[in-house]
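A.B. asks: If you read the sequence shown in our numbering, its first letter stands for residue 864, the second for the next number, and so on. I have a structure here, written as structure tokens, and I will follow up with some questions on it.
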Amino acid sequence: MKLSALTLIVPDYDAAIAYYCGTMGFVLELDIDQGDKRWVRIAPSKGAQTGFILARAASPEQTAAIGNQGAGRVWLFLESDDFAADHARLSAAGVRFEEDPRHEPYGTVAVFADAFGNRWDLIEYS
């Protein structure tokens, strides 16, 4: 078995696709209209083992969860093979980092929030 996808609750499919696939450089793998909703899968890169299903909030409870699926903690980890280049590219594209890069025993890391408030680590493991 493998973990193939996680759900990200978003306010709007097209805004989320524009942010993740435009600003962050992810790949749009699927966008299938299902009538009242869409099956949208994005991934950090072509062939990535794990991606995200973008789910448009459909209730007040789901709307309240946008950007808070990790309860305020970093809960998404974007692994990089070239931290400096990816940090520079994301910064230039408008990604808001909450801190300067730091070196930890496990690697180089910096926390950022996406356009919807989800907190991520950009990380290059040692």
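C-beta: ideal position from N, C-alpha, C; glycine also. Since the model is a prediction, treat every value here as computed from it, not as a measurement.
Phe979 lies in the beta strand (DSSP E); which residues open and close that run?
C.D. replies: Counted from its first residue, the sequence shown places residue 979 at position 116. No beta strand (DSSP E) holds Phe979; DSSP gives it neither H nor E.
A.B. asks: To which residues does DSSP link His950 through a beta bridge?
C.D. replies: For the purposes of this step, residue 950 is taken as the residue at position 87 of the sequence shown. Partner(s): none; His950 has no beta bridge.
A.B. asks: Could you tell me how far apart the beta carbons of Ile929 and Ile872 are, in whole angstroms, since I believe they sit closer than 8 Å?
C.D. replies: As a first step, residue 929 must be located in the sequence shown, where it is residue number 66. As a first step, residue 872 must be located in the sequence shown, where it is residue number 9. With a Cβ gap of about 5 Å, Ile929 and Ile872 count as contacting.
A.B. asks: Do Val974 and Val937 come within 7 Å of each other at the CB atom, strictly closer than that value?
C.D. replies: Taking the first residue of the sequence shown as 1, we reach residue 937 at position 74. Taking the first residue of the sequence shown as 1, we reach residue 974 at position 111. Yes, they are a contact pair.
A.B. asks: On the DSSP letters alone, give me the boundaries of the beta strand (DSSP E) that Asp894 sits inside.
C.D. replies: Mapped onto the sequence shown, residue 894 falls at position 31. Per DSSP, Asp894 belongs to the beta strand (DSSP E) from Val890 to Asp896.
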